[in-house]
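Numbering (the UniProt record's numbering), first residue to last: 1 to 693.
Report on the structure given below.
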Amino acid sequence: SEVFEKIDSACTILGLSPPNKIKKLSSAKRYTALKKKLDTVSNTIRKNLELSFDQDICTPSTSDEASSVNSEYEDLIKKLKEKCKVSDKETKVKILSLLPNSWNREKVSKEFNVSERLVRLAKEVTKEQGILPDLSKKKGKIIDSETITTVNLFYEDDEYSRLMPGKKDCITVKENGIRIQKQKRLILCNLNELFLEFKNKYPYLKIGRSKFCELRPKWCVLAGGSGTHCVCVCLYHQNIKLMIEGANLKVDYKDLLGIIVCDINNYKCMISDCDLCPGKEALSNLFLEPDDGDIMPDNITFKQWISSERIELVTLIKPRDEFFELFAQKIITLKKHHYVSKIQTRFLKEKKQNLTKEEIIVLADFSENYTFIVQDGAQGHHWVNRQATIHPFVYYLQKDGKLKSQCFCVISDTLEHNTATVHCFQQHLVNHIKRNHQHIKKVIYFSDGASGQYKNKKNFTNLCHHKTDFDLEAEWHFFASCHGKNACDGVGGTTKREVTKASLQRPYTNQILTPAEMFEFCQEHLKGIIFAYIKDEEIIQHHNNKLLDRFENSVAITGTRSFHCFVPVSESNLKCFITSQATEFGIHSTVKAVQITLHIRDSIACVYDGQWWLAEVNDISDINKDVLVTFYHPAGPRTAFKKREKDQTWVPMNNVLRKLSALELTTTTGRTHNIPPKLSEEISKLLNEYKSR
1 SEVFEKIDSA
11 CTILGLSPPN
21 KIKKLSSAKR
31 YTALKKKLDT
41 VSNTIRKNLE
51 LSFDQDICTP
61 STSDEASSVN
71 SEYEDLIKKL
81 KEKCKVSDKE
91 TKVKILSLLP
101 NSWNREKVSK
111 EFNVSERLVR
121 LAKEVTKEQG
131 ILPDLSKKKG
141 KIIDSETITT
151 VNLFYEDDEY
161 SRLMPGKKDC
171 ITVKENGIRI
181 QKQKRLILCN
191 LNELFLEFKN
201 KYPYLKIGRS
211 KFCELRPKWC
221 VLAGGSGTHC
231 VCVCLYHQNI
241 KLMIEGANLK
251 VDYKDLLGII
261 VCDINNYKCM
271 ISDCDLCPGK
281 EALSNLFLEP
291 DDGDIMPDNI
301 TFKQWISSER
311 IELVTLIKPR
321 DEFFELFAQK
331 IITLKKHHYV
341 SKIQTRFLKE
351 KKQNLTKEEI
361 IVLADFSENY
371 TFIVQDGAQG
381 HHWVNRQATI
391 HPFVYYLQKD
401 GKLKSQCFCV
411 ISDTLEHNTA
421 TVHCFQQHLV
431 NHIKRNHQHI
441 KKVIYFSDGA
451 SGQYKNKKNF
461 TNLCHHKTDF
471 DLEAEWHFFA
481 SCHGKNACDG
491 VGGTTKREVT
501 KASLQRPYTN
511 QILTPAEMFE
521 FCQEHLKGII
531 FAYIKDEEII
541 QHHNNKLLDR
551 FENSVAITGT
561 RSFHCFVPVS
571 ESNLKCFITS
581 QATEFGIHST
591 VKAVQITLHI
601 RDSIACVYDG
611 QWWLAEVNDI
621 SDINKDVLVT
631 FYHPAGPRTA
641 FKKREKDQTW
651 VPMNNVLRKL
661 SALELTTTTG
671 RTHNIPPKLS
681 EEISKLLNEY
691 KSR
């Protein structure tokens, strides 16, 4: 075309190649080639003009100018970012005030690694004062970076603070604009004492008390804060940890358990019923051939919690060989305890997840007695130590397809924390459950193993009578020793905290001084908890009328401490399991064996061929320990019988269920004999108990 001819002519005049080949290129490559050709033509014309007029006209192009300005702009922003990283709050606000108004809050926060809150503040003061605003902050003496670093290291010194062990003992902090989690450290003294220690150690550093406290890292927490006081720790676990610390072993107790067993999660291994487990001999390498090459001292100093008349933390020094024997012994003891503690906790968690509509889980635990306090009390009142018993229950049940919980707390003026008290409290709880949740048929109890309250022969006897007492089936599960912390602690703590706060707010009227007044306050103000008040007189009456005879006939179960799950099979027998997930069990009686004295012509109820029969004693063999009897027909359960003179046999004395008096076995014709219906039911229960032995 005419246009292409003109371009070719111009290129020929300038001594350049024509752009014909560019037409053959693709659209993507054509743009680059045309731009390059344009630059070549422009430079050629510029050079010819400079030669013709002998004048240098070399100036940056518009694109070069834009490129230069953009580079300078980026360099300025980069320097502002670097300054912002090391600046204080006021300087950061001034830097942010210089940024373009088109930058939104999110972009500024991201580019300069500052919080959106600070960006918002910068925009507000810039709008009021313009760029480089003054926050009017009064400045004191500037602390140099070396002093700040020294203070931070001092706070984290193991002599003055220690790392907290829990997995939840962490805090999120921001470092260089990035959020990270730091493990908390517990400061082992107050800040005044810590400041004095700092000044004694670094007297040449100029820093005041307030600045020293201000520089405390966020992850260095003070005692008294949430989760900073660990008490009631497990004696078995803690003593092993103390021995590991004393011997300076670079190992965790769980690793040690893994060394002495095949599988730390295997039931047989953890209860010492596996012949393949390495045993304590596998621990000897820790002492004889340590991995780090350090030779253990001949005598090892360590601390232990010792139980005598009271629990005390003592310091012991033992030769290395004796220490190893004691250490191995405690690890073996810990093995079963550790397994049981994990299994019981896991069972409760899984039971909550798989709870049926007819079941209810009940957690039970006594709180520490509440001691009443008075605001502005007289001096002598300090010695009046009046207290109230607090026993929280927390129960769980399925409702509308979800697990629901409810808190039930008993307040009492009794100070006796025994099984009779527990059973009386149970009665009020179960009555509440039956009134409000009529579909419940089974109660699953969980508690700690306190021998004076829950884990004893009297409570086991009550458990066997649970169906008779409350018309609900039941079973009882125990946490491992020293591992019974549960939601009840929170209920008791909340109750006592609110009552204490109210007491301190009432110096002149409505003081809370008795368990009854405490109950009235809680019932009115703590709506999330259901409260019951039980007097000491009611507990005494309940014990005398219902439990006294039962307790007198109760008998201890051999190996009670080793069992953690108890399921009734009758009014006198329990299935006892080592853990709540175990399948093996033993059946134990909760009542004393009744010695029956027999005479010729006594009427008895006995077991024969798996059924109960009424019979008359014809002869007694003390040598063979059996009796010759004549049966009444037919076999029970029934109330009317006829005697069969020719139906005689020898029956072991152990098969005799009970004797019948003349008033219980009656006849009017001499041929048919009758017993009351209640007696027939009683004998049937005795048969069931006999079969469950």
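Note that beta-carbon positions come from the ideal geometry of N, C-alpha and C, so glycine has one too.
Since this is a predicted model, take the numbers as computed values, not measurements.
Three-state class that DSSP yields for residue i in the structure shown
| i | result |
| --- | --- |
| residue 639 | coil |
| residue 385 | coil |
| residue 371 | strand |
| residue 446 | strand |
| residue 674 | strand |
| residue 607 | strand |
| residue 316 | strand |
| residue 359 | strand |
| residue 692 | helix |
| residue 601 | coil |
| residue 20 | helix |
| residue 545 | helix |
| residue 624 | coil |
| residue 166 | Confidence at residue 166 is low in this model, with a pLDDT of 48, below 50, so the placement of that residue is unreliable and no value is reported for it. |
| residue 657 | strand |
| residue 644 | strand |
| residue 282 | helix |
| residue 407 | strand |
| residue 15 | coil |
| residue 588 | strand |
| residue 261 | coil |
| residue 511 | coil |
| residue 109 | helix |
| residue 273 | coil |
| residue 437 | coil |
| residue 679 | helix |
| residue 539 | helix |
| residue 426 | helix |
Inter-residue CB distance, residue i and residue j (contact presumed, cutoff 8 angstroms)
| i | j | result |
| --- | --- | --- |
| residue 415 | residue 404 | The pair is not a contact, with the Cβ atoms about 33 angstroms apart (cut-off 8 angstroms). |
| residue 430 | residue 443 | 7 angstroms |
| residue 461 | residue 591 | 7 angstroms |
| residue 113 | residue 176 | 7 angstroms |
| residue 334 | residue 423 | Between residue 423 and residue 334 the Cβ distance is about 34 angstroms, and since that is not below 8 angstroms, they are no contact. |
| residue 502 | residue 521 | 6 angstroms |
| residue 115 | residue 337 | Incorrect: roughly 49 angstroms between the Cβ atoms, too far for contact. |
Where residue i falls, given that 16 or more other Cβ within 10 Å makes a residue buried
| i | result |
| --- | --- |
| residue 31 | exposed |
| residue 458 | buried |
| residue 640 | exposed |
| residue 101 | exposed |
| residue 263 | exposed |
| residue 4 | exposed |
| residue 436 | exposed |
| residue 366 | buried |
| residue 599 | exposed |
| residue 269 | buried |
| residue 166 | Here the model assigns residue 166 a pLDDT of 48, short of 50, so the residue's position is not dependable and the matter cannot be decided. |
| residue 477 | buried |
| residue 673 | buried |
| residue 413 | buried |
| residue 426 | buried |
| residue 393 | buried |
| residue 10 | exposed |
| residue 690 | buried |
* Asked: If you scan the stretch 168–252 from start to end, which runs of the beta strand (DSSP E) of 3 or more residues do you find wholly inside it?
  -> Runs of the beta strand (DSSP E) lying entirely within the stretch 168–252 and spanning at least 3 residues, in chain order: 170–175, 178–183, 185–187, 220–222.
* Pick out the complete alpha helix (DSSP H) segments inside the stretch 451–508, 4 residues or longer, and give them in chain order. => Segments of the alpha helix (DSSP H) lying fully in the stretch 451–508: 457–464, 466–470, 487–504.
* Three or more C-beta pairs below 8 angstroms linking the stretch 656–664 and the stretch 592–608 -> The answer is yes - the stretch 592–608 touches the stretch 656–664, with three or more Cβ pairs under 8 angstroms.
* Indicate whether the contact test is met: 3 or more Cβ pairs, each with one atom in the stretch 352–360 and one in the stretch 334–344, closer than 8 angstroms. => Counting Cβ pairs under 8 angstroms, fewer than three are found: no touch.
* At least three beta-carbon pairs within less than 8 angstroms, the stretch 239–255 to the stretch 198–209 -> Here the stretch 239–255 makes no contact with the stretch 198–209; the two share fewer than three CB pairs at distances below 8 angstroms.
* **alpha helix (DSSP H) runs wholly inside the stretch 29–96, at least 4 long, in chain order** => If you keep only unbroken alpha helix (DSSP H) runs of at least 4 residues inside the stretch 29–96, you get 62–85.
* If we count Cβ pairs, one from each stretch, closer than 8 angstroms, do we get three or more for the stretch 551–570 versus the stretch 444–458? -> In short, these stretches touch, since the Cβ pair count reaches three.
* Evaluate contact between the stretch 604–623 and the stretch 631–639, counting only Cβ atoms and requiring at least three cross-stretch pairs below 8 angstroms. => Yes: at least three Cβ pairs fall under 8 angstroms.
* To do: Just list the beta strand (DSSP E) runs in the stretch 118–163, keeping only unbroken ones of 3 residues or longer that don't cross its boundaries, in chain order.
  => Correct list: 161–163.
* **the stretch 467–474 in contact with the stretch 495–514 per 3-pair CB rule at 8 angstroms** => Contact between the stretch 467–474 and the stretch 495–514 is absent, because fewer than three Cβ pairs lie under 8 angstroms.
* For the 8 angstroms Cβ check, are there 3 or more pairs between the stretch 567–576 and the stretch 530–548? -> Short answer: they don't touch.
* Asked: So does the stretch 204–217 actually touch the stretch 304–318, counting three or more Cβ pairs closer than 8 angstroms?
  -> Pairwise C-beta distances place the stretch 204–217 out of contact with the stretch 304–318, as fewer than three of them are shorter than 8 angstroms.
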